[in-house]
Amino acid sequence: MLAQKPVMSVRRGFLRLWIVASCVVVLAVVLISYRDIRQQFEVGYVNLDDSMVPVPCTKARGLAFTDYSQAEGFCWYKLENLKRLYPELKDFNDTDLSSRFDERAGWPARHVDPWGAVRDSAEVGLGIPAAIFVLGYVLIWAFAGFTSHPPR
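Residue 99 in our numbering sits at position 62 of the sequence shown, with consecutive numbering throughout.
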């Protein structure tokens with residue numbers, strides 16, 4: 038009796054290789070983006086808790102040190118005080134309002150979108166393996182058309 042050669046399953050081998058490579062890609066994306074995403078969450082939550090808006094003191098309304106504080110040449114309002122003293126601004130959301138006043142004062146934007154960074158990282162970490170899987174599946178399907186099968 039002759040020993041049979043083991044038959045190599047290309048599909049099974051490529052699937053296992055894809056699983057290992059996908060895990061490596063996901064782990065690499067997590068390691069690369071973790072610090073930046075964590076920092077954005079920390080900055081975002083600090084800004085949401087204590088959001089202060091700069092207004093030129095020449096346009097200040099309300100009582101100094103009660104409704105606003107003075108520092109760095111600006112009068113700094115908490116958002117609720119700003120909306121109370123400037124009723125024309127009450128319909129703006131807090132993020133847009135704060136960004137607009139920061140821009141007018143020449144301050145860099147303080148608002149971050151940590152969930153956007155998570156989404157972008159997930160798109161890369163899952164999108165690359167998914168694209169490779171689809172490409173591999175299509176190539177295996179295409180090359181399977183060249184194999185000869187015995188007639189049935």
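Idealized CB from N, CA, C, for every residue including glycine.
Keep in mind the model is a prediction, meaning the values are calculated, not measured.
Exercise. Say whether the segment 62-81 touches the segment 160-167, bearing in mind that this needs 3 or more beta-carbon pairs closer than 8 Å, one atom from each stretch.
Key: Enough Cβ pairs lie closer than 8 Å, so yes.
Quiz item: Distance, Cα to Cα, Val57 vs Gly50?
Solution: 11 Å
Quiz item: For the segment 71-81 against the segment 126-146, are there 3 or more C-beta pairs whose distance is under 8 Å?
Solution: no
Practice problem: Grab the span of the alpha helix (DSSP H) containing Lys115 for me, first residue to last. | Solution: Boundaries around Lys115 are those of the beta strand (DSSP E), 111-115, since no alpha helix (DSSP H) includes it.
Quiz item: Looking only at DSSP bridge pairs, what is Ala108 linked to?
Solution: Phe111
Exercise. Just mark Leu172 as buried or exposed, buried being the case when its beta carbon has 16 or more other beta carbons within 10 Å.
Key: exposed
Self-check item: Cutoff 7 Å; reference Ala101; Cβ partners in own chain excluding five residues on either side
Solution: If we look at Ala101 and ignore the five residues flanking it on each side, its Cβ neighbours are Gln107.
Quiz item: Hey, how far is the Cα of Ser158 from the Cα of Glu79?
Solution: Using only the alpha carbons, I get a separation of about 18 Å.
Exercise. Would you kindly work out how many angstroms separate the C-alpha atoms of Ala181 and Ser70, rounded to a whole number?
Key: 39 Å
Quiz prompt | Alpha-carbon to alpha-carbon, Gly153 and Ile177 | solution = Distance between the alpha carbons of Ile177 and Gly153: 35 Å.
Quiz item: In terms of DSSP beta bridges, what is Ala101 paired with?
Solution: Bridge partners of Ala101 according to DSSP: Tyr105.
Practice problem: State the CB to CB distance for the pair Pro91 and Trp113, rounded to an integer number of angstroms; the pair is presumed to be in contact (CB under 8 Å). | Solution: So it is a contact: roughly 6 Å between Cβ atoms.
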